[in-house]
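Shown next, in structure tokens, is the structure this report addresses.
2 protein chains.
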Amino acid sequence: MKHSVRSDVPLLDPRDLDFLLYEWLDVESMCARERFADHSRTTFDAVLDLAADLAADRFVPHNKAADTTEPYRADTGEVVTVPEVAKALEALGGAGFLAGEFDAGLDGMQLPYVVSKAAHCWFQAANVSTSNYALLTVANAHLLQAYGTPKQVEQWVRPMLTGEFLGTMCLSEPEAGSSLADITTRAVSQDDGTYRVTGTKMWITGGDHEMSRNIVHLVLAKTPGAPPGVKGISLFLVPKYVLDEHGEPGDRNDVALVGLNHKMGNHGTTNALLAFGDGSHLPGGTAGAVGHLVGRENQGLAQMFHMMNEARIGVGLAATALGYTGYLQSVDYARTRVQGRPLGAASGAQVPIIRHPDVRRMLLAQKSYVEGALALGLYCAKLVDDVATAGEPEERDRARLLLELLTPIAKSWPAQWAVEANSLAIQVHGGYGYARDHNVEQLYRDNRLNSIHEGTHAIHGLDLLGRKVRMADGAALRLLLDVMEDTASRAAAGPGALPGWAEALRRAAQRITTTTARLWGPGRPEVALANATAYLEAVGHCVLAWIWLEQALTAAGGEGDFYEGKRVAARYFFAYELPRTGAQFDLLDSLDRTTLDLSETWF
Amino acid sequence: MKHSVRSDVPLLDPRDLDFLLYEWLDVESMCARERFADHSRTTFDAVLDLAADLAADRFVPHNKAADTTEPYRADTGEVVTVPEVAKALEALGGAGFLAGEFDAGLDGMQLPYVVSKAAHCWFQAANVSTSNYALLTVANAHLLQAYGTPKQVEQWVRPMLTGEFLGTMCLSEPEAGSSLADITTRAVSQDDGTYRVTGTKMWITGGDHEMSRNIVHLVLAKTPGAPPGVKGISLFLVPKYVLDEHGEPGDRNDVALVGLNHKMGNHGTTNALLAFGDGSHLPGGTAGAVGHLVGRENQGLAQMFHMMNEARIGVGLAATALGYTGYLQSVDYARTRVQGRPLGAASGAQVPIIRHPDVRRMLLAQKSYVEGALALGLYCAKLVDDVATAGEPEERDRARLLLELLTPIAKSWPAQWAVEANSLAIQVHGGYGYARDHNVEQLYRDNRLNSIHEGTHAIHGLDLLGRKVRMADGAALRLLLDVMEDTASRAAAGPGALPGWAEALRRAAQRITTTTARLWGPGRPEVALANATAYLEAVGHCVLAWIWLEQALTAAGGEGDFYEGKRVAARYFFAYELPRTGAQFDLLDSLDRTTLDLSETWF
């Protein structure tokens, strides 16, 4: 595979993508599935190459400009963004990337999801702010395709897949962020079958701008008389412009921009407070935002979660991509920055800092985090494919279970460790890393969002320990442990360091088993869940150790720098990272009550 | 002690300062020393109260403004800063805080160093950017007082202690950051006893501005024929304005601002690239920056390190103060932000998020980091006092040894963990924490600098393991272990959880002993130092465990929320934090060669 990467800023390593997609995940074999019959490694490579080129040409050049010149609201009330953002999205839509995994009937490329997501990683690494618009639009389109009517798909999905319309998700409200049960946005059905939506939505990424002919908001709201809590949430499609009789954007809907949020990073992505139905506009002469029910009433949260799982993998990959480019940039810097001498050499020429052991440690740590996270993210993306297109029903069920279990980790682990990678990238750059002339400080700021949105870090801990490991009577966790044991047993017979790592992974798996059983012993859910975050982080590191053993196995026998790099990163992970989990499992096993047995007045 | 804190933004906990200064460190007893004979707890309290008031009145209000409106260079070439910075510094100087620990003969308050530093923590918590100017000026004045001539002290130190002149440290150059041996700035002696200095200095905090009548640069440079490397470095005082015959700032010296650096945080502090002797100005009609030798030739680095140790404690306290205010702000937020319900309650009113165990974990973690770091920083500041004023020579020597050993930890531990505290403060705030409407994202950005300047994180690892634990034939480390054992033995006889924590601390101390011995076994300095950072972090956590045991001992028997808070933070530290060191010591004991046995081409 020949890749042309024209950007001066290294974004991802195409050799690593080849390794993961073809040598490890054997994505090529998916072409045997009917849905992908028209594809081949050649078409996959062409897509990935095109993504790399587009990222370099259209996304990299304005990454700093969009950071420096934040979107603002002009006197006219319109949101002004640097013009390159719209142009990049137009190019993305024009090249078909918004429709990558969608049906040919929707003019999609009908790519495997895993290939499509790998392609998007290029855009995320190049400019996460601009790519956010694309990813939300794609996720939005997926949801409508799954639950919308054929007419809704035609009217809304089709223009989203070209980028003419862009999409948002409207979940949070000022008083209901993590607690969706408490949303107060209301939707009242009208005689014509539409609804009128009233309420305020917060943190809406891409919530307002002038970069598309329409904005398709997917809004969680409650209908009068709906059941309390999450069971009474419905999902509505609320466009910025109501469609006219020709299906074209017509009257301005009653959706008003209240204000833009100004964030530490992700400056290029508008983030809005939106008022629905405050009477700012009067579509059809009446106040209230015109909305269309998606699916059935009171099914909104379940439907949204369909989208959320994929969105969470997308967030994990965004974090990963930011970490990845920071890693590559710090490798470049470490190779060229000359400073200091080897131990014991008081004189003589200074050496590139990549010779210093601690710089190497910081590079290895980054490598192990970002290459590990990318592998995990692509593995999960392939599970999305398997759920939809694997040959046997059992295989699909198996993929679904594993995907459910891994999703909180695929989101939260990169969100935590790719930020750490970006911090190390700053550290490798020294004072330059803290300066805005270099790129790494922006990556760090941009990336810090990822453990907050799409479910905070803590929520993924509760999801994993409170729900996922217990679902289907523990079948998902047993499946993961089986998969890990399968890897370990293959590695145990392998050359070099593999057997030792296999043994370490088995011990880690054993700890997951015993700790999970202990936590879910009789009558202590409160204690079990009190340290759900420690559980998430410990299991996350074990999963990444498994991912690294998989990569090391795949690399076994491979010669040359690339494979040596995989082996040394695996060595790093087993020596420096996996052992961190011991203290976490010990804490969990102790059923520690520190956070429970305290009074709030002690702070 | 009655403290009035008028700021809406909580900065530090005055009750905690009382606890640390009076209940733990018994600072009041220092008044028995001749130097502090005019002082009492009353004067100390007055100083601390005044600092809290000044911080609230003069430092807090422009913290965000100085972040938003960065210093810039006007068309006239002058640096423009928001005017409140100069006013705050003027107030600081006027109130005597720049002269806090200085001699009465210099119109100083002759305070114990520890009290003076505690007072400065208020300014650092309120506005670290503005306080940077003050701290550098004080450190500069200390150095001149130690090594300058009486005339230099009179001419330069006196106006710095009022804030009329401000000071800088000029060490780094574009090609010589961490590697000071490689500086190329030259100083050539003149017939009149002055020198002319030529060279470029980088990352100069407070390097140029219009906020003082003069700027006093302390510049490292080499004289012709000086020995190579660090042994040929001399120290020069190079003012922005040469003094005229009346001792007043006169001709502009040949020091030119090349450019301002734009950083991720610390926006309010100018950071400059300066050209010395490039002919931009011609003092006395000739190019070359007029400099005055400080101390003797070739002693520059040793002299600078005199200043660096205190500067490093100052950086540690700056990091701590940023962490501390972030902690208090997130406690306030967690008490008032209502979101979600207790485990198992599907309905009913939502509760403040401080009820959720994971939020409490994040608050406890912050509390343990910032209160622990503050305790360590003040302990080290008191050691500075003891070195200078303890009654017996043995006590002074002991303090000097312990201070030397603890300095790399007092700098690097807060720089690492107070950033983590700020990250947790963001996380407690959720989406709001990532938004610039709240303060915590700025703290996180401001704080990230602290593991880079005044010696990077890695350099402190090398300093600790490569130098400090071996100095005086290991006497410093033995002393630390003795001090830890003394604490453990007192705690072993204490009530409640103290004996268990004492045992844990003893095990930690044992690991320090065995691991240090193993690393410095015969013939493996390369291996020993390869993981110096892991050593720094592991020993740092052990030292903080000791600090927490000291605090818990001091709190033993105390009743009420404050003392309960100390106990639960100690409990948190021993349950969640100290166990992290196990994996680090294991790694060190394994003499791991991962970072040594690799080729740079594998990245």
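Residue numbers (my numbering), protein chains in the order written: chain A, 9 to 611; chain B, 9 to 611. For each residue, glycine too, the CB sits at the ideal point set by N, CA and C.
In chain order, what residues of the same chain have a beta carbon less than 7 Å from the beta carbon of residue i, not counting five sequence neighbours either side?
i, result
"TYR377 (chain A)", "GLY331, TRP425, ALA426, GLU428 and ALA429"
"SER462 (chain B)", "Correcting the residue identity first, residue 462 (chain B) is Glu in this sequence and not Ser. Answer for GLU462 (chain B): MET316, ALA319, ARG320, VAL323 and LYS419, listed in chain order."
"LEU114 (chain A)", "ALA107, VAL165, ARG166 and LEU169"
"ASN71 (chain A)", "ALA134 and ASN135"
Which value, in whole angstroms, describes the spacing of the CA atoms of residue i and residue j?
i, j, result
"ASN140 (chain B)", "HIS128 (chain B)", "10 Å"
"VAL341 (chain B)", "ASP394 (chain B)", "Here residue 341 (chain B) turns out to be Tyr, not Val, going by the sequence shown. Rounded to the nearest angstrom, the two C-alpha atoms are 40 Å apart."
"PRO22 (chain B)", "MET312 (chain B)", "33 Å"
"THR609 (chain A)", "ARG369 (chain B)", "15 Å"
"VAL17 (chain B)", "GLU109 (chain B)", "27 Å"
"LEU596 (chain A)", "GLN132 (chain B)", "37 Å"
"THR602 (chain A)", "ILE467 (chain A)", "19 Å"
"TRP554 (chain A)", "ALA516 (chain A)", "9 Å"
"LEU471 (chain B)", "GLU412 (chain B)", "In the sequence under discussion, the amino acid at residue 471 (chain B) is Asp, which differs from the Leu named in the question. Near 10 Å, if we compare the C-alpha coordinates of GLU412 (chain B) and ASP471 (chain B)."
"VAL531 (chain A)", "LEU309 (chain A)", "The question names Val, but residue 531 (chain A) is Gly in the sequence shown. Near 29 Å, if we compare the C-alpha coordinates of LEU309 (chain A) and GLY531 (chain A)."
"LEU144 (chain A)", "ASN222 (chain A)", "14 Å"
"GLY104 (chain A)", "VAL123 (chain A)", "13 Å"
"SER431 (chain A)", "THR76 (chain A)", "20 Å"
"VAL161 (chain B)", "THR84 (chain B)", "33 Å"
"ALA126 (chain B)", "LYS95 (chain B)", "22 Å"
"LEU214 (chain B)", "LEU451 (chain A)", "Correcting the residue type first, residue 214 (chain B) is Gly in the shown sequence and not Leu. Cα to Cα, GLY214 (chain B) sits roughly 27 Å from LEU451 (chain A)."
Please list the partners that residue i has in chain B, where partner means a Cβ-to-Cβ separation under 8 Å.
i, result
"PHE313 (chain A)", "Ordered by position in chain B, no residue passes the 8 Å Cβ test against PHE313 (chain A), which lies about 17 Å from the chain."
"VAL339 (chain A)", "PHE611"
"ASN447 (chain A)", "Going along chain B, no residue has its Cβ under 8 Å from ASN447 (chain A), so there is no contact; the nearest lies around 11 Å."
"ILE460 (chain A)", "ILE434, GLN435, GLY438, GLY439, GLY441 and TYR442"
"THR464 (chain A)", "GLN435 and GLY438"
Can you list, in chain order, the residues of its chain whose CB lies under 6 Å from that of residue i, leaving out five sequence neighbours each side?
i, result
"GLU218 (chain A)", "GLU86"
"ILE361 (chain A)", "ALA342, ARG345, GLN347 and VAL367"
"LYS10 (chain B)", "Any answer about LYS10 (chain B) is weak, because its pLDDT of 43 lies below 50 and its placement is not dependable; what the coordinates show is given next. For LYS10 (chain B), where only same-chain residues beyond five positions count, there are no Cβ hits under 6 Å."
"ALA496 (chain A)", "ALA510, LEU513 and ARG514"
"PRO167 (chain A)", "PHE173"
"GLN374 (chain B)", "TYR335, ALA429 and LEU432"
Can you tell me which residues form a DSSP beta bridge with residue i?
i, result
"TYR80 (chain A)", "A:VAL88"
"MET168 (chain B)", "Answer by DSSP bridge pairing: none, since MET168 (chain B) is not bridged."
"CYS178 (chain B)", "B:VAL227"
"PHE284 (chain B)", "B:GLY207 and B:VAL263"
"LYS271 (chain B)", "A:ALA443"
"GLY299 (chain B)", "B:TYR203"
"ARG194 (chain A)", "A:THR206 and A:LYS230"
"SER242 (chain B)", "B:ALA229"
"ALA184 (chain A)", "A:GLU181"
"PRO360 (chain B)", "B:VAL346"
Listing by chain order, which chain A residues have their CB less than 8 Å from the CB of residue i?
i, result
"LYS375 (chain B)", "PHE611"
"VAL266 (chain B)", "None at all; the shortest Cβ gap to chain A is about 13 Å."
"TRP211 (chain B)", "GLY439"
At a CB-CB cut-off below 9 Å, which residues of chain B make contact with residue i?
i, result
"SER420 (chain A)", "Residues of chain B passing the Cβ test: none, with the nearest at roughly 12 Å."
"PRO587 (chain A)", "GLY590, ALA591, GLN592, ASP594 and LEU595"
"SER139 (chain A)", "In chain order: nothing, as chain B lies at least about 18 Å away."
To which residues of the same chain is residue i closer than 8 Å at the C-beta, ignoring the five residues directly before and after it?
i, result
"LEU19 (chain A)", "VAL13, ALA60, ALA63, ALA64, VAL68, TRP130, ALA133, ALA134, ALA329, TYR332, THR333 and LEU336"
At a CB-CB cut-off below 9 Å, which residues of chain A make contact with residue i?
i, result
"PRO236 (chain B)", "ALA354 and SER355"
"GLU572 (chain B)", "LEU606, SER607, THR609 and TRP610"
"ARG343 (chain B)", "GLU608 and PHE611"
Closer than 7 Å by beta-carbon distance: list the chain B residues that pair up with residue i, in chain order.
i, result
"ASN269 (chain A)", "ALA443"
Quick one: which chain A residues come within Cβ less than 7 Å of residue i?
i, result
"VAL17 (chain B)", "Those within 7 Å of VAL17 (chain B) in chain A number zero; the least Cβ separation is about 17 Å."
Item to check | Short-range partners of chain B found in the segment 524 to 540 of chain A, where Cβ spacing is below 8 Å | outcome: Residues are counted here when their Cβ sits less than 8 Å from a Cβ of chain B; for the segment 524 to 540 of chain A these are PRO533, GLU534, LEU537, ALA538, ASN539 and ALA540, given in chain order.
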